[in-house]
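Report on the structure given below.
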Amino acid sequence: MQKQAIFQSKLLPYALVAPQLAIVLVFFYWPALQAMIQSFLLQDAFGLSTSFVWFENYIDLFKEPAYFEAILRTFFFSFAIAVSSLSFALLLAVMADKPLRGSMLYRTLLIWPYAVAPPVVGVLWIFMLHPSLGVLSRYLRALGVDWNPLLDGDQAAALIILAAAWKQISYNFLFFLAGLQSIPKSVLEAAAIDGARPMRRFWTVTFPLLSPTIFFLLVVNIVYAFFDTFGIIDTMTRGGPGKSTETLVYKVYTDGLLGGNLGSSAAQSVILMIMVIVLTGIQFRFVERKVTY
Amino acid sequence: MVEEEGFRRYIAHIILWIGIAIVAFPVYLAIIASSQDNAVIANGQMSLLPGGHFFETYYQTIFVGTSGSTREPVGNMMLNSLVMALLIAIGKIAISIISAYAIVYFRFPFRMAIFWLIFITLMLPVEVRIYPTYKIVADLHMLDSYAGLSLPLIASATATLLFRQFFMTVPDELLEASRIDGAGPFRFFWDTLLPLSRTNMAALFVILFILGWNQYLWPLLITTRDDMQTIQIGIRKMITTTDALTEWPIVMATAVLAMLPPVFVVVVMQKLFVRGLVETEK
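Respectively, the protein sequence lines represent chains S and B.
Per this note's numbering, the first sequence starts with residue 230, numbered consecutively.
Per this note's numbering, the second sequence starts with residue 5, numbered consecutively.
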């Protein structure tokens, strides 16, 4: 697609793209390239000499059980966050899609958590479920749960998943509501005339028609769980206890921070880059499909 | 309309209110905690009703800060966050709109190559290039500065894409008409294209402001001085989860203050927010 009416100028267009191009080259491509180069290098303990080691950093990484566990953990977190947040948001959206009095108010009261920053989400949830002073912990203990997410890895993981899913409800709700509103009412009426009860109408008509939205949100939620949970993890558990809440992004951060292994940290970055490319690729293929049919 | 008997409607109202309660409870708790005495909270005896320390806590939070290790007033952190958020939002819009203008309204060598270079940055979030980017910013002596906080985040594939799509829908006749009036590329951009883009810019601004205000990983890396930290970083430094010394009322007041501007934007500019969110995700 191209414009027919255009301006003629040799230098002006370059001047116009220059600021963005400069930022993109200096702060995006140059560091990405550095990460790639670094991932093939090994530095000695004193940082005095570096040697080219081909894929050694990558091989070491995959030999490290902690890395493998971080991959599995990240995928598990993504799956758990996506499923819990999506199903709850879908329930709310289906309810809010009904012709109810005050439906605009409901929407307003449900979408604002989108604006809460991940580190703040972490602070809110750790306060609520803090082992010694959390308000909800009292009730959990009254129920006989030995609640201590600061010591118990599984509980810490559950806490991260709950908090991350909580934040994502509003986003999913908004897109589900838009998806539901775009389903033609006539289709549902036809199903009703055929005698389908509301539950059946939902599963046989609404749900299949909503599948593009569900798929889109699934990808968005996975990307969210990969990257935006960093702030939540960092304020709540800092990857612990042990390494029970350390995701891939959190591992890149801590491995590089401890000044340790730059080559390994770079190799981890490159692997993450590949994962992002795959996820974005899936997302775009899907968007294209939506445009064409 | 399909039948919706009264009973089902009641169920819907109830489920929605339960949803709202779940969504709002952690924030309600934060507001309550910020009005109570620290000793009571630390004992785990916190009441679910407001206490009497509300103004006192917020005064101390905004103008003094915690009494512990980070004595930075939260008011100053909010100012840093505001400057960063505005620089990021306005910067992204400004450089994206002019890039899109060049790409749509001019023909020049490497036009599409440049477009793709900008586009592919979508796949390079800061998380995948943390330390090399940090090193460049350090080499440029931009640590602990507003430039360091904002410049590396200013490129925007999404905004460029959005403006490009919008410009493609602007009828060619507008350009021809303004050319007959003797307008050059600057006049056409300023007098015709910019006013037409106003709603798009506003919707984008809402989303980008929230995004900027909520930045975490990047400021965490490049701010070392307390007087340069943003509110999101400040709040992390205030909590020591294993330590009994955390001043919870102040932490919670800071959490509330950190939420206030972006939540306000979402609620007050809801239409623009929804539009911006849907369009940037396309």
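The beta carbon of each residue, even a glycine, is placed where N, CA and C say it ideally should be.
Remember, predicted model here, so these are calculated numbers, not experimental data.
What does residue i reach in chain B if we use C-beta pairs closer than 8 Å?
{"i": "S/SER493", "result": "Chain B residues near S/SER493: none, gap ~11 Å exceeds 8 Å."}
{"i": "S/TRP354", "result": "PRO30"}
{"i": "S/LEU241", "result": "ALA106, PHE110 and PRO189"}
Within the 7 Å Cβ cut-off, does residue i reach chain S?
{"i": "B/SER332", "result": "Since the first residue shown for chain B is 5 and the last is 286, residue 332 of chain B is missing from the structure and cannot be characterised."}
{"i": "B/ARG191", "result": "no"}
{"i": "B/ASN80", "result": "no"}
{"i": "B/VAL87", "result": "no"}
{"i": "B/ALA257", "result": "no"}
{"i": "B/ASN42", "result": "no"}
{"i": "B/GLN236", "result": "yes"}
{"i": "B/PRO30", "result": "yes"}
{"i": "B/ILE94", "result": "no"}
{"i": "B/MET263", "result": "yes"}
{"i": "B/LEU200", "result": "no"}
{"i": "B/LEU121", "result": "yes"}
{"i": "B/LEU215", "result": "no"}
{"i": "B/GLY10", "result": "no"}
{"i": "B/VAL272", "result": "no"}
{"i": "B/PRO266", "result": "yes"}
{"i": "B/GLY23", "result": "yes"}
{"i": "B/VAL210", "result": "no"}
Note down, in chain order, every chain S residue with its Cβ under 7 Å from the Cβ of residue i.
{"i": "B/ALA16", "result": "MET324, LYS327 and LEU329"}
{"i": "B/PRO156", "result": "PHE256"}
{"i": "B/ASP176", "result": "LYS232, GLN233 and ALA234"}
Can you tell me whether DSSP reads residue i as helix, strand or coil?
{"i": "S/THR279", "result": "strand"}
{"i": "S/GLN272", "result": "strand"}
{"i": "B/PHE110", "result": "strand"}
{"i": "S/PHE236", "result": "strand"}
{"i": "B/HIS17", "result": "helix"}
{"i": "S/TRP395", "result": "helix"}
{"i": "S/LEU388", "result": "helix"}
{"i": "S/THR521", "result": "Because S/THR521 sits at a pLDDT of 34, beneath the cut-off of 50, its placement in the model cannot be relied upon, and the following sentence gives the value as read from the coordinates. In this structure, S/THR521 counts as helix in the three-state DSSP scheme."}
{"i": "S/GLN231", "result": "coil"}
{"i": "B/TYR220", "result": "coil"}
{"i": "B/ILE214", "result": "helix"}
{"i": "S/VAL374", "result": "coil"}
{"i": "S/ARG336", "result": "helix"}
{"i": "B/ILE254", "result": "helix"}
{"i": "B/ASN47", "result": "coil"}
{"i": "S/ILE288", "result": "helix"}
{"i": "B/ARG202", "result": "helix"}
{"i": "B/ILE158", "result": "coil"}
{"i": "S/VAL434", "result": "helix"}
{"i": "S/GLY468", "result": "coil"}
{"i": "B/MET3", "result": "The first residue shown for chain B is 5 and the last is 286, placing residue 3 of chain B beyond what the model contains."}
{"i": "B/LYS139", "result": "helix"}
{"i": "B/ILE97", "result": "helix"}
{"i": "B/ARG168", "result": "helix"}
{"i": "S/ILE412", "result": "coil"}
{"i": "S/SER185", "result": "Because chain S here runs from 230 to 522, residue 185 of chain S falls outside it and cannot be looked at."}
{"i": "S/THR474", "result": "coil"}
Residue i versus chain S: which residues are under 8 Å apart at the beta carbon?
{"i": "B/ARG13", "result": "LYS327 and LEU329"}
{"i": "B/ARG279", "result": "Within 8 Å Cβ-Cβ: nothing; B/ARG279 doesn't reach chain S, min ~11 Å."}
{"i": "B/LEU33", "result": "LEU353, PHE356, MET357 and VAL364"}
{"i": "B/ALA159", "result": "GLN249, ILE252, VAL253, PHE256 and PHE257"}
Kindly indicate if chain B contains any beta-carbon less than 7 Å away from that of residue i.
{"i": "S/VAL416", "result": "no"}
{"i": "S/TRP341", "result": "yes"}
{"i": "S/LEU438", "result": "no"}
{"i": "S/PHE269", "result": "no"}
{"i": "S/GLY408", "result": "no"}
{"i": "S/LEU334", "result": "no"}
{"i": "S/GLN384", "result": "no"}
{"i": "S/MET502", "result": "yes"}
Pop quiz: residue i and residue j are said to be a contact at Cβ under 8 Å. What is the actual Cβ separation, rounded to whole angstroms?
{"i": "B/PRO156", "j": "S/PHE256", "result": "4 Å"}
{"i": "S/GLY351", "j": "S/MET465", "result": "4 Å"}
{"i": "B/GLN236", "j": "B/ASN218", "result": "7 Å"}
{"i": "B/ALA1", "j": "S/GLN249", "result": "The requested residue 1 of chain B does not occur in the structure, where chain B is confined to residues 5 to 286."}
{"i": "S/GLN263", "j": "B/PRO136", "result": "4 Å"}
{"i": "S/ILE462", "j": "S/ALA311", "result": "About 17 Å; that fails the 8 Å criterion."}
Along chain B, in chain order, which residues have C-beta atoms closer than 9 Å to that of residue i?
{"i": "S/ASP463", "result": "TYR220, LEU221, LEU224 and ARG240"}
Mind listing the chain S neighbours of residue i? Cutoff is C-beta to C-beta under 9 Å, in chain order.
{"i": "B/GLU180", "result": "ALA234"}
Which chain B residues sit within Cβ distance under 7 Å of residue i?
{"i": "S/ALA295", "result": "Near S/ALA295 there are no residues of chain B at all, since even the closest Cβ is about 19 Å away, more than 7 Å."}
{"i": "S/SER238", "result": "PHE110 and PRO189"}
Regarding residue i and the ligand FAD, is the C-beta to nearest heavy atom distance less than 6 Å?
{"i": "B/LYS139", "result": "Judged by which ligands are present, the structure shown has none, so any question about the ligand FAD falls away."}
Inset, instruction - Compile a chain-ordered list of the residues in the stretch 126-153 of chain B whose CB is closer than 7 Å to at least one CB of chain S. - result: Those residues of the stretch 126-153 of chain B that come within reach of chain S (Cβ to Cβ, closer than 7 Å) are LEU126, MET127, LEU128, PRO129, GLU131, VAL132, ARG133, ILE134, TYR135, PRO136, THR137 and ILE140.
Inset, instruction - Can you give me, in chain order, the residues of the stretch 40-71 of chain B that have a beta carbon less than 9 Å from any beta carbon in chain S? - result: Contact annotation: in the stretch 40-71 of chain B, residues whose CB is within less than 9 Å of a CB in chain S are ILE45, ALA46, ASN47, GLY48, GLN49, MET50 and LEU52.
Inset, instruction - Check each residue of the stretch 424-436 of chain S: if its Cβ is closer than 8 Å to any Cβ of chain B, include it; give the result in chain order. - result: The stretch 424-436 of chain S vs chain B, Cβ under 8 Å: PRO427 and ARG430.
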